[in-house]
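Asker: In this note's numbering, each residue carries its 1-based index in the sequence shown increased by 529. Using N, Cα and C, we set each Cβ at its ideal position, and we do this for glycine too. For clarity, every value in this text was computed on a predicted model and none was experimentally measured.
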Amino acid sequence: MCDGDGKPLILLLTEGQVSDYRGARAMLAALPQADTLIADRGYDSDWFREALDDKGIQPCIPGRKNRKTPIAYDTDLYKQRNLIERMFGKLKDWRRIAMRYDRCAHTYMSAICIAATAIFWLWVLSLGRRVCRAQPVAAAFLGALLDDCGALYACRIAAAG
Numbered sequence: 530m531c532d533g534d535g536k537p538l539i540l541l542l543t544e545g546q547v548s549d550y551r552g553a554r555a556m557l558a559a560l561p562q563a564d565t566l567i568a569d570r571g572y573d574s575d576w577f578r579e580a581l582d583d584k585g586i587q588p589c590i591p592g593r594k595n596r597k598t599p600i601a602y603d604t605d606l607y608k609q610r611n612l613i614e615r616m617f618g619k620l621k622d623w624r625r626i627a628m629r630y631d632r633c634a635h636t637y638m639s640a641i642c643i644a645a646t647a648i649f650w651l652w653v654l655s656l657g658r659r660v661c662r663a664q665p666v667a668a669a670f671l672g673a674l675l676d677d678c679g680a681l682y683a684c685r686i687a688a689a690g
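(1) Determine the closest residue to residue 616 out of 542, 635, 645 and 625, with distance taken between C-alpha atoms.
(2) Where does residue 630 land, buried or exposed, given buried means 16+ other C-beta within 10 angstroms?
(3) Tell me the residue span of the alpha helix (DSSP H) that contains residue 581.
(4) For residue 577, count neighbouring Cβ atoms within 10 angstroms of its own Cβ and tell me buried if that reaches 16, exposed if not.
(5) How many Å lie between residue 536 and residue 591 at the Cα?
(6) Pull up the CB-CB distance for residue 586 and residue 604, whole angstroms please, since I reckon it's below 8 Å.
(7) Does the separation of the CB atoms of residue 573 and residue 596 fall below 8 Å?
(8) Find out if the Cβ-Cβ distance for the pair residue 555, residue 541 is shorter than 8 Å.
(9) Find the nearest neighbour of residue 627 within the set 534, 641 and 635, judged by alpha-carbon distance.
(10) If you count every other CB in all the chains shown that lies within 10 Å of the CB of residue 633, and 16 or more means buried, which is it?
(11) In angstroms, rounded to a whole number, what distance separates the CA positions of residue 689 and residue 594?
(12) Using DSSP's beta-bridge definition, name the partner residues of residue 561.
(13) For a quick check, are the C-beta atoms of residue 532 and residue 652 less than 8 Å apart?
(14) Which runs of the alpha helix (DSSP H) at least 4 residues long sit entirely within the region 571 to 648? Give them in chain order.
(15) Would you call the CB atoms of residue 589 and residue 567 closer than 8 Å?
(16) For residue 581, count the other beta carbons within 10 Å of its own beta carbon; 16 or more makes it buried, fewer makes it exposed. Which is it?
Printed below as a string of structure tokens:
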């Protein structure tokens, strides 16, 4: 699961033959507060839609092809599902993850978490560069924040320019 910026929020590793329903059931308790959840047809089930409604989350999930009663969903909003696909693409840029070199699930999940953390920090650094160019006062604050985290170079380029 990712947020609206494409940053990973919840990572769950399941067996290859497990349906999306079981993964959704496992993630349901950890879902953050949100207005809408966008998912593909694999998550189309009545119990999942009801669980999302109970949490106050509007589901944007197209119905399966074999559903007897069609379900309405926002097609324009559904186009934003490409964020999760791009997040998986970024994770698969890491060869170790794409090729699944690790045989043990916990080792593989550790590699995924390291890659997700790196993706997050690269996003923070790119955000810092954009803020540094636009707002010098915010750049000073962000520079101090990044210095505390060990990323010293993000705002120095803007300060020099």
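Answerer: If we stick to the structure as given:
(1) 645
(2) exposed
(3) 575 to 583
(4) buried
(5) 23 Å
(6) Going by Cβ atoms, the distance from residue 586 to residue 604 rounds to 19 Å, so no, they are not a contact pair.
(7) yes
(8) yes
(9) 641
(10) exposed
(11) In this predicted model, residue 689 has a pLDDT of only 40, less than 50, meaning its place in the structure is not dependable; the value taken from the coordinates is given anyway. Each residue's alpha carbon lies about 57 Å from the other.
(12) None; residue 561 has no bridge partner.
(13) no
(14) 575 to 583, 604 to 607, 611 to 621 and 624 to 627
(15) yes
(16) buried
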